[in-house]
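**Student:**
In our numbering, the protein residues as written are 194 to 371.
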């Protein structure tokens, strides 16, 4: 949003400059036209004097300024058209996106290296006790290993509490060795 706002501000400044330069251009053209007409009138009257030569001198002096202003106006109008045609920010945002992607890739690589070193350290250490609840092993479809842990049935509030039964040792079927 900041980039878009900045581009819009640049566009408004350019438009203001264009309007100011166009006003000056029109003023100079009017002045130039007046001097031209003054020179023609003097030639028609055929009364050459110092003011005619001064007018010619000033006309010759103003003509490059007019041409320079005309060039600046064309240049600024082209710039304005280009800014209007461009979708604001894709080049800037794509550069930002690429920078973020490289930064994230570097962070991911650093984290992977850290994980690898931590795993290497963990392999060297022995763990005491179970690390978590083991998942049941599936022997075949719908056949799980039996655990020796007693699981009480779910209870309702209106049921009479039952007395826990003594734990039985359960047998786990094993696959034959090949």
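Cβ atoms here follow ideal geometry from the backbone N, Cα and C, with glycine treated the same way.
1. Can you tell me the Cβ-Cβ gap for residue 248 and residue 228, rounded? I've got them flagged as a contact below 8 angstroms.
2. For residue 269 and residue 304, what's the separation of their Cα atoms in angstroms?
3. Could you name the residues of the same chain whose beta carbon sits closer than 8 angstroms to that of residue 225, not counting the 5 residues immediately before and after it, in chain order?
4. Thinking C-beta only, is residue 276 closer than 8 angstroms to residue 204?
5. Between the Cα of residue 359 and the Cα atoms of 345, 369, 367 and 370, which residue gives the shortest distance?
6. Compute the beta-carbon to beta-carbon distance between residue 266 and residue 209, rounded to the nearest angstrom, for a pair I have assumed lies under 8 angstroms.
7. Is the Cβ-Cβ distance between residue 272 and residue 207 less than 8 angstroms?
8. Measure the C-alpha to C-alpha separation of residue 231 and residue 197 and round it to an integer number of angstroms.
**Tutor:** According to the data block:
1. Their Cβ separation, rounded to whole angstroms, is 5 angstroms, which keeps residue 248 and residue 228 in contact under 8 angstroms.
2. Looking at the two C-alpha atoms, the distance is approximately 51 angstroms.
3. Cβ neighbours of residue 225 within its own chain (closer than 8 angstroms, five residues either side excluded): 252, 255, 256 and 259.
4. The Cβ atoms of residue 204 and residue 276 sit closer than 8 angstroms to each other.
5. Comparing Cα-Cα distances from residue 359 to each of 345, 369, 367 and 370, the minimum goes to 345.
6. Rounded, the Cβ-Cβ distance is 13 angstroms, inconsistent with contact.
7. Yes, they are a contact pair.
8. Rounded to the nearest angstrom, the two C-alpha atoms are 51 angstroms apart.
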